Amino acid sequence: MIIKNARVFTEDGSFMQGDVVVKDGRFDSVLERTADTDAANDSAPQEIIDASGLIMIPGLVDIHFHGCRGADMCDGTVEALDVITSYEASVGVTSVCPATMTIPRDELLCVMKNAGDYTYHGGAHLVGINMEGPFISPSKKGAQAAENIMHCDYEYFRQLQDAANGLIKLVDIAPEEPGAFEFIDKAKDETVISIAHTAADYDTAKEAIEHGASHATHLYNAMPSLHHRNPGVIGAVRDSQKCHVELICDGVHIHPSVIRATFAMFGAERMILISDSMRATGLEDGEYTLGGQPVTVRGNLATLHDGTIAGSATNLMDCMRFAINEAGISLEEAIMCATANPAKEINIFDEAGSISVGKKADFVLLNNALDIVSVYIDGKEITC
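Position one of the sequence shown corresponds to residue 1364 (this note's numbering), numbered consecutively onward.
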């Protein structure tokens, strides 16, 4: 298959007018358009997709979301994962690393086993698990259930990782809680350690980073605010160049001005766009649940009954569009932060996150208004 005359987003973060050849579900060549390109492509008869006037980008990679279309990662069923992977593919997210919640120990073990045993049925690729809780701070629990919070426990993590067949790519912890530094020391070579749902001050967060934490979960949310005398987690992560940060650009969690300021403060190469979506995403307003707690959804706003924001009701493609259209982030930077950066963070960049020879042919064709025209996974068009 040849995708001809597309405006292709390349691995170096720029666009070129080019042709992309797909063979056996992978990118076989990525060529800038010339007369010679036409001659080479025309030499072998094959399916041709005319992408004139379209933008070709890698499939998006969401490394932090909980569910969509009435399904949640913590449902712990094959059917839920089928719904999640199908919906995410339909909105251009072709690799998913869904997040768990702070739920009872045995339930979490079952959720991990369900994901570890999951067989691909089409749709987005299940490439990992984001373990959000239970190793968090009670004072910054957000929409997590307080009764299931526990201190870091490496042996329990190992149980979960074994059940998940090694799929746990990120583990969220509050570094000020007992046992956190010891946990980082033991687990940092097995998974990405993320500072999350935390009341840590600057020095504590900095020490966690020195031990091996390298990620910050949904920056600004469920952590102390950046203060000019008490910079907290945000300041510590900013000062540590190896740390990468998540940002929820759904129009609810973070003001567009702060999105712009964060990109300026960290640089696009350290930013990862996430959706943090919950099961109401893709459905109408109403009453739903997240981690066993009731949630009310009105538009993009999802809240617990006490008013606490409870994830988002927006998919990653819409978050990327918001960053571009409302926050003024460049198209190139926004795409990079929703594709290459998250893929690199969970160590799947050899297979996903860019349109590069040898990688899975997961890509999205967009028009100039950034509407989806078609989505391809493993070189096959899916029904959106």
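Note that the Cβ used here is the ideal one computed from N, Cα and C, for glycine as well. Just so it is clear, the structure is predicted and the values come from calculations on it, not from any experiment.
Contact check, residue i vs residue j, beta carbons under 8 Å
i	j	result
Gly1430	Gly1455	no
Val1660	Gly1649	yes
Ser1675	Asp1639	yes
Ile1447	Met1494	no
Lys1723	Ala1715	yes
Leu1523	Met1475	yes
Val1393	Val1727	no
Gly1479	Ala1550	no
Neighbourhood of residue i by C-beta, 6 Å cutoff - its chain only, sequence neighbours within 5 removed
i	result
Ile1698	Phe1372, Ile1420
Ile1745	Ala1452, Val1738
Thr1457	Gly1422, Ala1487, Asp1725, Ile1740
Asn1477	Gly1439
Asn1704	Ile1635
Gly1444	For the record, residue 1444 in the displayed sequence is Leu; it is not Gly. If we look at Leu1444 and ignore the five residues flanking it on each side, its Cβ neighbours are Tyr1481.
Pro1541	His1514
Ala1706	Val1424, Phe1712, Ala1715, Gly1716
Identity of the residue in the options nearest residue i by Cα
i	options	result
Leu1472	Val1459, Thr1448, Ser1502, Gly1439	Gly1439
Ala1627	Gly1486, Glu1696, Glu1539, Asn1511	Glu1696
Asp1566	Asn1511, Asp1548, Glu1539	Glu1539
Pro1467	Leu1733, Leu1679, Cys1682, Gln1656	Gln1656
Ile1617	His1591, Pro1594, Ile1572, Asn1663	Asn1663
Gly1529	Glu1553, Asn1511, Asp1516	Glu1553
Glu1510	Tyr1519, Val1534, Glu1518, Gly1496	Gly1496
Asp1681	Asn1710, Asp1413, Ile1637, Glu1395	Ile1637
His1327	Ser1449, Met1475, Ile1512, Asn1368	What the structure shows of the chain is the stretch from 1364 to 1747, and residue 1327 is not part of that stretch, so it cannot be assessed.
Cys1460	Cys1612, Val1727, Gly1721, Glu1708	Glu1708
Arg1370	Asp1387, Asp1391, Ser1415, Val1384	Ser1415
Leu1646	Thr1677, Ile1672, Arg1389, Leu1444	Thr1677
Ile1426	Thr1644, Ala1665, Thr1702, Lys1367	Thr1702
Asn1593	Leu1610, Ala1568, Val1424	Ala1568
Met1683	Ala1631, Ala1665, Cys1612	Cys1612
Ser1620	Phe1390, Asp1525, Asn1688	Asn1688
Asp1469	Val1441, Val1490, Leu1489, Cys1437	Cys1437
Leu1610	Asp1391, Leu1589, Cys1700	Cys1700
Asp1713	Val1490, His1590, Ser1603	Val1490
Ser1603	Asp1391, Asp1525, Glu1570	Glu1570
Close Cβ partners of residue i (< 8 Å) along its chain, the five nearest in sequence each way excluded
i	result
Ala1537	Phe1498, Ile1499, Ser1500, Lys1503, Ala1543, Ile1558, Ala1559, His1560, Thr1561, Ala1562, Ala1563
Val1608	His1578, Ala1579, Leu1582, Val1600, Thr1625, Phe1629, Arg1633, Met1634, Ile1635
Ser1377	Glu1695
Ala1402	Any answer about Ala1402 is weak, because its pLDDT of 49 lies below 50 and its placement is not dependable; what the coordinates show is given next. None.
Arg1642	His1429, Gly1430, Cys1431, Arg1432, Gly1433, Ala1434, Asp1435, Tyr1651, Thr1652, Leu1653
Asp1548	His1574, Gly1575
Ile1365	Asp1382, Val1383, Val1384, Val1385, Asn1404, Gln1409, Glu1410, Ile1411, Ile1412
Asn1710	Lys1532
Gln1380	Asn1368, Ala1369, Arg1370, Val1371, Glu1395, Arg1396
Glu1442	Ala1434
Inter-residue CB distance, residue i and residue j (contact presumed, cutoff 8 Å)
i	j	result
Ile1622	Ala1686	6 Å
Glu1374	Ser1717	4 Å
Ile1492	Thr1463	7 Å
Leu1667	Ala1506	6 Å
Tyr1519	Phe1546	Not really, about 10 Å apart at Cβ, beyond 8 Å.
Val1534	Ile1512	Val1534 to Ile1512, Cβ: 14 Å. No contact.
Gly1388	Gly1691	Gly1388 to Gly1691, Cβ: 37 Å. No contact.
Ile1672	Val1615	7 Å
Strand pairing of residue i, partner residues [DSSP]
i	result
His1578	Ser1557, His1607
Tyr1651	Val1658
Asp1382	Leu1394
Pro1421	Phe1726
Asp1413	Lys1367
Arg1592	According to DSSP, which records beta bridges pairwise, Arg1592 is partnered with nothing at all.
Phe1372	Phe1378
Asn1493	Ala1462, Leu1533
Lys1549	Answer by DSSP bridge pairing: none, since Lys1549 is not bridged.
7 Å Cβ shell around residue i - same chain, five flanking residues per side excluded
i	result
Leu1729	Leu1417, Ile1418, Ile1420, Ile1735, Val1736
Lys1605	Ser1577
Leu1589	Gly1595, Ile1597, Gly1598
Asp1391	Val1384, Val1385, Val1720
Arg1521	none
Any non-hydrogen atom of the ligand SAH closer than 7 Å to residue i Cβ
i	result
Ala1452	This structure does not include the ligand SAH; it has no bound ligands of any sort.
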